[in-house]
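Heads up: the sequence shown begins at 17 in the working numbering, then just goes up one per residue. Below is one structure, written out as structure tokens; comments come after it.
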Amino acid sequence: MRLRYSDEDEAFRAELIDWLATNAPTEAEVAETKHSSADMPDWARRWQRRLFDNGWLVPGWPPELGGRNASPRQQMIYFEELAGRDLQRSANVQGLGIVAPSILDYGNDEQKERFALPTLRAEIAWCIGMSEPGAGSDLAGISTRAEVHDDVFVVNGQKVWTSGAHHADWCLCYVRTGPTQPKHRGISALIIDMKSPGITCRPLAELTEPDFADFNEVFFSDVVVPRQNLLGELNGGWPITQGSLAHERAMLWVNHAQNVQRIVQGLIAAHPDARFHDAVASLYIDAQAMSLMGYLGFAKYAKGQSSPEHSLLKLFGSETQRRAFLTGVDAFAIDAFDRSREAPKVVRGGAWADQYLRAFAATIAGGTSEIQRNIIAERVLGLPR
Ligand SMILES: Cc1cc2nc3c(=O)[nH]c(=O)nc-3n(C[C@H](O)[C@H](O)[C@H](O)COP(=O)(O)OP(=O)(O)OC[C@H]3O[C@@H](n4cnc5c(N)ncnc54)[C@H](O)[C@@H]3O)c2cc1C
């Protein structure tokens, strides 16, 4: 099977490659970033702004939202070219990929103007407050609550694993506003200013780099939020949580497929022992399968059909990536811990063992592998609960 794009689509690709050649951030700029993915160094703000101004930030959207009304196939080309160069569009991934689309879908005109556009232009950074110590996979079980007092909400409770909260200007935070309602129906989405009195952020050190933190515990103590910062309806937050995760899932697989290909190339280049040929070949095949499954799901999405492939790819992609790094750890043995021998970079650089430990993150964030298997069993295969 040979997959080919039309001449018009290839012209789109050529224009993008040309633009990237003069506008993409330099390696020196990217290497400057020592902080978390949610931190916004100046070069990353300038880069996102260049993408926005030139219609390359979200090509499928209209120019006023940083796009160029690109067709679904052209958007596919765009993601391939960026992933192939290991280029992130934004240093505030959750702001661009999840919060901005949610505000555009559910916000009123004032919220779109005040929050969505500045997010797209990299003027503000976001964190997302979903998970709590007692509610992760079972997100509907959140207990952080907001009471309505005249024209404000008063928020009390705790979030955890909040990526980038210590750098964020704003938090899209899910709170319980209807304690007597069925649990999915009593949740609202609030836009909370992270500088509000009563918010405490405690960064959590990571196993791979104890002096580095991306996650946080965030505590809310009588935090006052203006009523106009309610996103969507009161007690209507649940569909917003579902929408935001859908945006996240749809954009993940291209990166997974390219990451696995890059790890496979790294394994081949380092000439591991012949004992690992089978494992490397199997990973190579999985990377190809992932791309083809991605294209299949994409073709359905482009026709407006549902694409269960996206649920499969979140599971398959993140688990294959983890297995690829584990193959590296097995193959390089003690050298897998040698930080002067860098493994192919996925999230941040490091030795094979560092990357292997970090690879678990993608099997948890945005819904764990076990939850993905439940979704596939029940919603794709139609098995009983
Ligand atoms: C890199 C990363 C970034 C993150 N960023 C954010 C963020 O910015 N904001 C935010 O709010 N959260 C964030 N999270 C948290 C993430 O959403 C949760 O970790 C995830 O939803 C799982 O919840 P939990 O950790 O509470 O685990 P739990 O839900 O307590 O699960 C524990 C274990 O039980 C299993 N399990 C649970 N329920 C079932 C079931 N029904 N069937 C079978 N197995 C089950 C799980 O698979 C898991 O293995 C992030 C996580 C990671 C790894």
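Just so it is clear, CB atoms sit at the ideal spot from N, CA and C, and this is done for glycine as well.
In the three-state scheme derived from DSSP, where H, G and I count as helix and E and B as strand, Val-171 is classed as strand.
Looking at the DSSP output, Val-241 sits in a beta bridge with Phe-169.
Between the alpha carbons of Glu-222 and Glu-26 lies a gap of roughly 43 Å. Taking a C-beta distance under 8 Å as the contact criterion, Gly-344 and Leu-329 do not qualify as a contact pair. For Lys-175, the shortest C-beta to heavy atom distance toward ligand 1 is below 7 Å. Between Ile-215 and Tyr-190, the gap from beta carbon to beta carbon reaches 8 Å or more. Taking 7 Å as the cut-off, the C-beta of Asn-390 counts as close to a heavy atom of ligand 1. In the same chain as Leu-299, and ignoring 5 residues on each side of it, the C-beta atoms closer than 8 Å to its own belong to Val-276, Ile-279, Val-280, Leu-283, Thr-336, Arg-339, Ala-340 and Thr-343, in chain order.
Looking only at Ala-86, Glu-96, Cys-143 and His-287, the smallest Cα-Cα distance to Gly-113 is reached by Cys-143. Setting aside the 5 residues that flank it on each side, Ile-203 is surrounded in the same chain by Ala-156, Ile-158, Tyr-190, Val-191, Arg-192, Thr-193, Gly-194, Asn-251, Gly-253, Trp-254 and Thr-257, each with a C-beta closer than 8 Å to its C-beta; the list follows chain order. For Gly-145, the uninterrupted beta strand (DSSP E) run begins and ends at 142 to 145, by DSSP. Within the same chain, and ignoring the five residues on either side of Arg-395 in sequence, no residue has its Cβ closer than 6 Å to its Cβ. In the structure shown, the three-state DSSP call for Leu-223 is coil. With fewer than 16 other Cβ atoms inside 10 Å of its own Cβ, Pro-400 counts as exposed.
The three-state reading of DSSP puts Asp-154 in coil, since its state is none of H, G, I, E or B. Within the chosen limit of 7 Å, ligand 1 does not reach the beta carbon of Asp-102 with any heavy atom.
Gly-173 is classed as buried because its beta carbon has at least 16 other beta carbons within 10 Å across all chains shown.
Annotation for Asp-121: Gly-259 place their beta carbon closer than 7 Å to its own, counting only its chain and skipping 5 residues before and after. By the Cβ neighbour-count rule, Ile-33 is exposed, with fewer than 16 other Cβ atoms within 10 Å of its own. In the structure shown, the three-state DSSP call for Arg-105 is coil. Ranked by Cα distance from Ile-207, the first of Trp-186, Cys-217 and Leu-220 is Trp-186. By the beta-carbon neighbour count (other beta carbons within 10 angstroms, threshold 16), Ala-349 is exposed.
For Tyr-300, the uninterrupted alpha helix (DSSP H) run begins and ends at 293 to 318, by DSSP. The beta carbon of Ser-106 sits closer than 6 Å to those of Gln-64 and Leu-112, all from its chain and outside the five residues before and after it, given in chain order. Segment contact: the stretch 57 to 76 against the stretch 35 to 43, three or more CB-CB distances shorter than 8 Å; contact assigned. Cβ-Cβ separation between Val-171 and Phe-236: approximately 5 Å, consistent with a contact (criterion under 8 Å).
Listed in chain order, the non-local C-beta contacts of His-182 below 6 Å within the same chain comprise Cys-217, Pro-219 and Asn-232, local neighbours out to five positions each way being set aside. Nearest to Val-176 by alpha-carbon distance, out of Val-46, Val-164, Pro-324 and Ser-153, is Ser-153.
Distances from the CB of Gly-253 to the heavy atoms of ligand 1 are all 7 Å or more. The three-state reading of DSSP puts Val-191 in strand, counting E and B together. By the neighbour-count criterion, in which 16 or more other beta carbons inside 10 Å mark a residue as buried, Leu-397 falls on the exposed side.
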